[in-house]
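One structure is given below, encoded as structure tokens.
Structure representation (structure tokens):
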């Protein structure tokens, strides 16, 4: 049995500025042949900006696809040839007006692997300096700050329901907690 699917045929349905939608006829690892709708995406990066006082800087952004204002970490899609850390640095400054000096990788995630190859690289952004907010025409958002434990509680209560933000905040909490334990004197 093959360990991967084999593409038998590809047909592009639509190519836009964000996604490329196609139909793919594939032979799955179990031998079955099926047709799948696949969205190809160039990838994205997101960061949890964390101030020296322990506040995370989030954005409340209108997301037309779900018709709601969502509380999220700053994020954006990768430009062609751009590395995820540079993208994340750019997005933090553009969305919340802060420039991180230190970026700690929190690992990538697949957003919805059942139908898209979109991968988002996550970072913890610290040592923040004032920068210049520069929103794009399609961004309608406001900046909100809250202590990291409060943000994690908001995740647990379902008030933050954006997947990338949930994972980024939980991973950031682990990193911050581990750093706190390592900084404590040993007895």
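Numbering (the numbering used here), first residue to last: 144 to 330.
Even glycine gets a Cβ: it sits at the ideal position worked out from N, Cα and C.
Legend entry - First through last residue of the alpha helix (DSSP H) which encompasses residue 311: 306-326
Inset, instruction - Can you tell me which of the three DSSP states residue 279 falls into? - result: coil
Legend entry - Any chain B beta carbon closer than 8 Å to residue 248: Checking the listed chains, one finds no chain B in this structure; it contains a single protein chain.
Legend entry - Whole-number beta carbon distance between residue 254 and residue 270, since they are thought to touch under 8 Å: Between residue 254 and residue 270 the Cβ distance is about 28 Å, and since that is not below 8 Å, they are no contact.
Inset, instruction - Flag this pair as yes or no: are the beta carbons of residue 178 and residue 168 separated by less than 8 Å? - result: yes
Inset, instruction - Report yes if the CB atom of residue 216 is closer than 8 Å to the CB atom of residue 307, and no otherwise. - result: yes
Inset, instruction - Tell me the start and end of each unbroken beta strand (DSSP E) in the segment 255-303 that is at least 3 residues and wholly inside, in chain order. - result: 262-273, 284-290
Inset, instruction - Spatial neighbours of residue 284 within its chain, please: CB distance less than 8 Å, with the 5 preceding and 5 following residues excluded, ordered by chain position. - result: 202, 203, 204, 205, 238, 278
Legend entry - Whole alpha helix (DSSP H) elements within the segment 172-258, 4-residue minimum: 227-239
Legend entry - Cβ-based burial, residue 196 [other Cβ within 10 Å; buried from 16]: exposed
Inset, instruction - In angstroms with no decimal places, state the Cα-to-Cα distance between residue 311 and residue 218. - result: 11 Å
Inset, instruction - Compute the beta-carbon to beta-carbon distance between residue 241 and residue 274, rounded to the nearest angstrom, for a pair I have assumed lies under 8 Å. - result: 5 Å
Inset, instruction - Please say whether residue 187 and residue 266 have beta carbons closer to each other than 8 Å? - result: no
Legend entry - Extent of the continuous beta strand (DSSP E) to which residue 164 belongs: 162-170
Legend entry - Per-residue burial, residue 156 [other beta carbons within 10 Å of its own, 16 or more giving buried]: exposed
Inset, instruction - Apply the 10 Å Cβ neighbour rule to residue 231 and answer buried if 16 or more other Cβ atoms are within range, or exposed otherwise. - result: buried
Inset, instruction - Could you round the C-beta distance between residue 309 and residue 258 to whole angstroms and report it? I think they count as a contact, below 8 Å. - result: Not quite, the Cβ-Cβ distance comes to about 20 Å (not below 8 Å), so this is no contact.
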